[in-house]
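Take the sequence shown: its position 354, counted from the start at 1, is 423 in the working numbering, and no numbers get skipped.
Using N, Cα and C, we set each Cβ at its ideal position, and we do this for glycine too.
Here the structure is a predicted model, which is why all the values come from computation and not from measurement.
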Amino acid sequence: MNAALFPPPAVCRAEDDRLTRALEAADARVRLGAATPDFDQAAFAAELRDFDFEQPRPLSGLCDWTIAQLEHGIVHMTHPRYLGLFNPAPSLPARAADRIVATFNPQLATATTSPAAVAIEAHVIQALARRAGLPETAGGHFTSGGSEANATALVCALTHAAPAFAEHGARAFPGPPVFYISADSHLAWIKLAHAAGIGRAAARLIPTDGQGRMSIAALERTIAADRAAGAVPFMVVATAGTTNAGAIDPLFECRRVAQECWLHVDAAWGGALIASDTLRPLLAGIEAADSITIDAHKWFATTMGCGMIIVARPAILPATFDVRTTYMPSHTPSADPYLTSLQWSRRFMGLRLFLALGAAGWPGYARHIERAVTLARRLAAGLTRRGWHVVNDPALAVLCARPPETAPAVSEIVAAVLATGQAWLSKAVFEGHDVIRACITHGQTTEADIDLVIDLLAPPIEAKPSVPGV
Ligand SMILES: *Cc1c(COP(=O)(O)O)cnc(C)c1O
Numbered sequence: 070m071n072a073a074l075f076p077p078p079a080v081c082r083a084e085d086d087r088l089t090r091a092l093e094a095a096d097a098r099v100r101l102g103a104a105t106p107d108f109d110q111a112a113f114a115a116e117l118r119d120f121d122f123e124q125p126r127p128l129s130g131l132c133d134w135t136i137a138q139l140e141h142g143i144v145h146m147t148h149p150r151y152l153g154l155f156n157p158a159p160s161l162p163a164r165a166a167d168r169i170v171a172t173f174n175p176q177l178a179t180a181t182t183s184p185a186a187v188a189i190e191a192h193v194i195q196a197l198a199r200r201a202g203l204p205e206t207a208g209g210h211f212t213s214g215g216s217e218a219n220a221t222a223l224v225c226a227l228t229h230a231a232p233a234f235a236e237h238g239a240r241a242f243p244g245p246p247v248f249y250i251s252a253d254s255h256l257a258w259i260k261l262a263h264a265a266g267i268g269r270a271a272a273r274l275i276p277t278d279g280q281g282r283m284s285i286a287a288l289e290r291t292i293a294a295d296r297a298a299g300a301v302p303f304m305v306v307a308t309a310g311t312t313n314a315g316a317i318d319p320l321f322e323c324r325r326v327a328q329e330c331w332l333h334v335d336a337a338w339g340g341a342l343i344a345s346d347t348l349r350p351l352l353a354g355i356e357a358a359d360s361i362t363i364d365a366h367k368w369f370a371t372t373m374g375c376g377m378i379i380v381a382r383p384a385i386l387p388a389t390f391d392v393r394t395t396y397m398p399s400h401t402p403s404a405d406p407y408l409t410s411l412q413w414s415r416r417f418m419g420l421r422l423f424l425a426l427g428a429a430g431w432p433g434y435a436r437h438i439e440r441a442v443t444l445a446r447r448l449a450a451g452l453t454r455r456g457w458h459v460v461n462d463p464a465l466a467v468l469c470a471r472p473p474e475t476a477p478a479v480s481e482i483v484a485a486v487l488a489t490g491q492a493w494l495s496k497a498v499f500e501g502h503d504v505i506r507a508c509i510t511h512g513q514t515t516e517a518d519i520d521l522v523i524d525l526l527a528p529p530i531e532a533k534p535s536v537p538g539v
């Protein structure tokens, strides 16, 4: 028995306790320190080269070294002024779930080996499907993230459109299969088309309507032209919460135009709106989707990676992913995740959302979501007062704003903010214009944090020094 890998219980406990305290201290420092890396790349590279793995080193030192590298060598999602790309500060229940899962390490490939864990995941998926308004019979599973969820939808839509796709791939179609995404959608779709064997050109980019949403007129025109040219449209993807601007494509119109094509709603970020009775109406029409992507590791604030694919008629999942083997303990397409999903060995990802929903309830998540939107609106109002142009509706806690003409270029402003280490935000392009993009992803960002960011982006005009006696 190797004591470095499998020490006795007393050593495990001591290491665990030590790590808990070290992480607690690091987390506290990160929240008060720089949001951006202050990283000595050369020193790090040299230290990393020293790990030739010939001589064992004590775990405690290795953990301390790693914590120090992460403390200084990454952009911090856990910093309250990280206004970033949908990545959250993870909730306590999600982190508790990771610890539990790391201890038991259950295998979720089959329901036979992990009946409790598989049932918990299915229960959470059902709860989300119901909340999204999908039919009672809807199903799905947890994924590593939105990209795997979207890949799942893509292969299901292809198999649905031409069952012979299962055997013959793209040759099953009488012409090139094509699908539709907005130019502002998540462009991982392009590599997913490549990986699915239908080619990158199958992802047809539809222009936006001036407000970051898919243009329905352009969608209709492109589908008609593709059909006339002999291509086979098989899926329309509506994005509910674009990465750039949190825009929601017109869901009812997408359903109408998609007709018999598969309608996928990519709500990786925006899907969390289902938690809020007030904000849920923004997603009206999502209930007519054939499939939906929602990331738990975005607005639901779990640890990464934790996504979900929800399918209105889940019989397509085993039709797409069923395989027979001699070595698996069971073959039950209605219950065994390895027969309904891309993954095989499967981590118990869904426990994070189960515990978080259990601890906060839908009302708790509603407050979390609504709070982020309120803060985004505060940022919008503050920047507007300082002469900035807010170019989108920050209804999904994503704000895009253009500085006044007299201000430096957006990239310079972003670079200057990052150089202070006080906050992290980014540059984006919205409808052809450079904008700063800020998204409220942290459950503990405060109004004071937002006000500080306003000052960083748009420094107040200095009051004229008063001249004594005048
Ligand atoms: C984040 C995101 C994705 C990609 O999801 P990952 O979890 O990063 O794999 C896809 N679509 C949208 C709309 C997203 O916001």
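Taking the beta carbon of residue i as the centre, do at least 16 other beta carbons fall within 10 Å, making it buried, or is it exposed?
i	result
threonine 371	buried
phenylalanine 108	exposed
glycine 376	buried
phenylalanine 75	exposed
valine 539	With a pLDDT of only 44 at valine 539, under 50, the local geometry of the prediction cannot be trusted, and no value is derived from it.
cysteine 225	buried
leucine 117	exposed
methionine 70	exposed
proline 125	exposed
glycine 130	exposed
Quick one: is the Cβ of residue i within less than 7 Å of any heavy atom of ligand 1?
i	result
tryptophan 338	yes
histidine 210	no
asparagine 219	yes
threonine 371	no
lysine 260	no
serine 216	yes
threonine 308	yes
glycine 374	yes
histidine 333	no
phenylalanine 155	yes
histidine 263	no
threonine 489	no
aspartate 121	no
aspartate 364	yes
alanine 257	yes
threonine 514	no
phenylalanine 312	What sits at residue 312 in the sequence shown is threonine, not phenylalanine. Threonine 312: yes, Cβ under 7 Å from ligand 1.
lysine 496	no
Excluding the 5 residues preceding and the 5 following residue i in the sequence, name in chain order all residues of the same chain whose CB lies nearer than 6 Å to its CB.
i	result
threonine 181	Pro398, Ser399
threonine 311	Asp253, Gly281
tyrosine 434	Ala344
glycine 315	Leu465, Val467
serine 216	Ala257
Quick one: measure Cβ to Cβ for residue i and residue j, integer angstroms, because I've assumed they're closer than 8 Å.
i	j	result
alanine 115	leucine 424	With a Cβ gap of about 41 Å, alanine 115 and leucine 424 do not count as contacting.
leucine 494	alanine 507	4 Å
leucine 468	leucine 526	Going by Cβ atoms, the distance from leucine 468 to leucine 526 rounds to 11 Å, so no, they are not a contact pair.
glutamate 356	glycine 202	3 Å
histidine 511	alanine 158	5 Å
alanine 388	alanine 358	Between alanine 358 and alanine 388 the Cβ distance is about 18 Å, and since that is not below 8 Å, they are no contact.
alanine 95	isoleucine 136	5 Å
cysteine 323	phenylalanine 303	Actually they do not touch by this definition, with Cβ atoms about 14 Å apart.
isoleucine 189	leucine 444	The pair is not a contact, with the Cβ atoms about 32 Å apart (cut-off 8 Å).
arginine 150	glutamine 513	The pair is not a contact, with the Cβ atoms about 10 Å apart (cut-off 8 Å).
leucine 352	alanine 309	6 Å
alanine 488	leucine 422	The Cβ separation is near 37 Å, so there is no contact.
isoleucine 438	tryptophan 368	6 Å
proline 383	alanine 207	7 Å
phenylalanine 417	valine 170	5 Å
Leaving out five residues on either side along the sequence, give the residues of the same chain with a beta carbon under 8 Å from the beta carbon of residue i.
i	result
tryptophan 413	Ala178, Tyr407
glycine 153	Val144, Met146, Trp493, Leu494, Ser495, Cys508, Thr510
glutamate 500	Thr277, Gly279, Gln280, Gly281, Val460
Within its chain, find whatever has a CB closer than 7 Å to the CB of residue i; leave out the 5 residues flanking it on each side and keep chain order.
i	result
arginine 471	Trp457, His458, Val460, His502, Val504
glycine 244	Gly299, Ala300, Val301
alanine 272	Phe248, Ile250, Trp258, Ile259, Ala262
alanine 327	Val305
threonine 212	Ala218, Thr221, Gly376, Met377, Ile378
leucine 88	Cys132
arginine 447	Glu516, Ile519
proline 106	His141, Gly142, Ile143, Val144
glutamate 541	The shown model of the chain, from 70 to 539, leaves out residue 541, and the question about it has no answer.
alanine 231	Ala241, Phe242
Kindly provide the ranges of any beta strand (DSSP E) runs that are 3 or more residues long and lie completely inside the segment 266-334, ordered along the chain.
-> 272-275, 301-308
At what residue ranges does the segment 70-104 contain a whole run of the alpha helix (DSSP H), taking only runs of 4 or more?
-> 78-101
What alpha helix (DSSP H) runs, 4 residues minimum, are completely inside the segment 179-266?
-> 184-201, 215-230, 234-237, 257-264
Tell me the start and end of each unbroken alpha helix (DSSP H) in the segment 116-180 that is at least 4 residues and wholly inside, in chain order.
-> 128-142, 161-173
Output the residue ranges of the alpha helix (DSSP H) runs that lie fully inside the segment 456-489 and measure 4 residues or longer, sorted by chain position.
-> 479-489
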